[in-house]
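Q: Structure provided below as structure tokens; questions to follow.
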Amino acid sequence: MAATSFKQLLLLPTFLVLCSLISSAHSHPLKICKFDQIYQLGDSISDTGNLIREFPIGPSTPFARLPYGETFFKNATGRCSNGFLMIDYIALDAGLPFVPPYKDRDADFRHGVNFAVAGSTALPSHVLAAKHIVSPVTSSSLTIQLGWMSTHFNSICLNHRECAEKLQTALFMVGEIGGNDYNYAIFQGKTMDELRSMVPEVVHAITNGVRSRGNKSSGARKLPIGCLPIYKTAFQTNMLAAYDENRCLKQLNDFATYHNEELQQGIEKLQQEHPNAVIVYADYYNAYQYLLRLAKSHGFDTERACCGSGGKYSFNVTRMCGAPGVGVCADPGRFLSWDGVHLTQQAYKIMAGWLVHDIFTNLHCQF
């Protein structure tokens, strides 16, 4: 009974909400949709505590200890930030509890489950290994997460029809996922041409994940990775032509744009295959560009990581956030980057707000 019909909501790869058609003046648009459950697949952009429960690596990762989680939770929850993630803001906007991680066996799953795992990939580990790419953090790829989801549904439904009825008012979110496939490839020495050759396969894995789930669905773009301190440190250059007007690396952002274009085409094809479904493209890329514009006009630090050490961007791959002696900025709310790889709670809040109001006009909730 694994796959539910295309009758629920779903989200694609970079995150975002799927669902409603509401006035932007409404402070909590998603409440209009009356979702009673949220299901999330993805990576560290959305993981609320799965990786830290994966043995043997998880409990020893920096995400399992402070300063991660310091701003709101006052302790580490497994979120790769100082506080809330976008999925948390989506749940709040929908009037639902935070979406608990699948691996928390004591959690209340009545209002949904978060299957996302930090470090996960769209392609299975063995597929990456065949390309001589190692997935060093977790083997819980999108395929594994979809398997967990099917197992969960089998545990709460007697048959396909019952599951379709139970999940009729659920929101499914697929992504962000796929970014780590490229991250690992880049930092393991793959060329830009080799990265580009991976894109169709990564996009296919993502759209297949979406195909297996719901009626309303949203797909999201990949973030502009050329703006992140980890990449700006690794590929730092004195060549001004390598940077755009936001001081982001052009070549890497051009690659992200290529991935996004391929993904959008994949989503459009899915929509043609399922004309009665609502599949929405969540524009992560432009949400981040909006964040950059807002940040510059409001005095945010757009260059440095709040938690990190060394160099122009406060990022050192050998002494990352959470390592002994690595400091944290006094006011994370004035920074976009939390640890050089992930964003701060404030950045995620701004992006989540932009995304929700960008997509709801394409969704069809019953008022």
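Counting with the numbering used here, you get residues 2 to 368 for the letters of the sequence shown. Where a beta carbon is used, it is the ideal one built from N, C-alpha and C, also for glycine. Just so it is clear, the structure is predicted and the values come from calculations on it, not from any experiment.
#1: Where do the N-terminal and C-terminal ends of the beta strand (DSSP E) with I39 fall, by residue?
#2: May I ask you to list the residues that DSSP assigns as paired with D302?
#3: Counting pairs of beta carbons, one from the stretch 75 to 83 and one from the stretch 156 to 165, are three or more of them closer than 8 Å?
#4: Checking the sheet assignment: what are the DSSP bridge partners for C308?
#5: For the beta strand (DSSP E) that M321 lies in, which residues bound it at each end?
#6: Following the continuous alpha helix (DSSP H) through G210, name the residue where it begins and the one where it ends.
#7: Hey, quick one: how far does the alpha helix (DSSP H) through A186 stretch, first residue to last?
#8: So, for I134: in the same chain, excluding its five sequence neighbours on each side, which residues have a beta-carbon less than 8 Å away from its beta-carbon?
#9: Can you tell me the Cα-Cα spacing of D37 and S47, whole angstroms?
#10: Classify P225 as helix, strand or coil using the three-state DSSP reduction.
#11: For L86, decide whether its Cβ has a neighbour in chain D, counting only Cβ atoms nearer than 8 Å.
#12: What is the DSSP secondary structure of P57, counted as helix, strand or coil?
#13: Threshold first: 4 residues or longer. Then list the alpha helix (DSSP H) segments lying entirely within the stretch 75 to 134, N to C.
#14: What residues match up with F256 in a beta bridge as DSSP calls it?
#15: On the criterion of 16 or more Cβ atoms from any shown chain inside 10 Å, does T139 qualify as buried, or is it exposed?
#16: Given K104, which residues of its chain have a CB within under 8 Å of its CB, disregarding the five upstream and five downstream residues?
#17: Can you tell me which residues form a DSSP beta bridge with F173?
#18: Please tell me whether M321 and D340 are closer than 8 Å, where the distance is taken between their beta carbons.
#19: Where S6 and F116 are concerned, what is the direct C-alpha to C-alpha distance, given to the nearest angstrom?
#20: Report the rounded CA-to-CA distance for E195 versus I33, giving the unit in angstroms.
#21: Using DSSP with H/G/I as helix, E/B as strand and the rest coil, what is A278?
#22: With H, G and I counted as helix, E and B as strand and the rest as coil, what does DSSP make of Y232?
#23: Closest to V318 by CA distance: which of D94, L67 and K233 is it?
#24: Using CA atoms only, rank isn't needed, just tell me which of E263, A348, G210 and P333 is closest to Q1.
#25: Grouping DSSP H, G and I as helix and E and B as strand, with all else coil, what is L250?
#26: For the candidate residues L67, N254 and A324, whose alpha-carbon lies nearest to that of R197?
#27: Along the chain, where does the alpha helix (DSSP H) that runs through H161 open and close?
#28: Output needed for S25: all residues of its chain with C-beta closer than 7 Å, excluding positions within five of it in sequence on either side, in chain order.
#29: Quick check on DSSP: helix, strand or coil for L295?
#30: Output yes or no for whether 8 Å exceeds the beta carbon distance between F336 and R294.
#31: For L271, name the three-state secondary structure that DSSP assigns.
#32: Considering only the alpha carbon of each residue, which of L344, I39, H29 and G354 lies closest to L173?
#33: Starting from the Cα of R378, find the closest Cα among D107, D245 and G120 and give me that residue.
#34: For L147, count the other beta carbons within 10 Å of its own beta carbon; 16 or more makes it buried, fewer makes it exposed. Which is it?
#35: Short of 7 Å in beta carbon distance, which residues of its chain neighbour T144, apart from the five on each side in sequence? Order them along the chain.
A: The relevant details are as follows:
#1: Q38 to L42
#2: F336
#3: no
#4: V329
#5: M321 -> no beta strand (DSSP E), and no H or E assigned at all.
#6: M193 to R212
#7: G180 to F188
#8: D182, Y185, A186, Q189 and K191
#9: 19 Å
#10: coil
#11: No chain D appears in the structure shown, which is made up of a single protein chain.
#12: coil
#13: 87 to 94 and 126 to 131
#14: In DSSP, F256 forms no bridge with anything.
#15: buried
#16: G50, N51, R54 and E55
#17: Y40
#18: yes
#19: Residue placement at S6 cannot be trusted, given a pLDDT of 30 that sits under 50; what the coordinates show is reported in the next sentence. Going by the C-alpha atoms only, they are around 19 Å apart.
#20: 44 Å
#21: coil
#22: helix
#23: K233
#24: Nothing in the structure corresponds to residue 1, since the chain is present only between 2 and 368.
#25: strand
#26: N254
#27: H161 to K167
#28: For S25, the predicted structure reports a pLDDT of 35, less than 50, and the residue's modelled location is therefore unreliable. A value from the coordinates is still provided. Closer than 7 Å at Cβ, skipping near neighbours: H358.
#29: helix
#30: no
#31: helix
#32: Just to set this straight, residue 173 is Phe in the shown sequence, not Leu. Considering only alpha carbons, the answer is I39.
#33: For residue 378 there is no data in the structure shown, the boundaries of the chain being 2 and 368.
#34: buried
#35: P125
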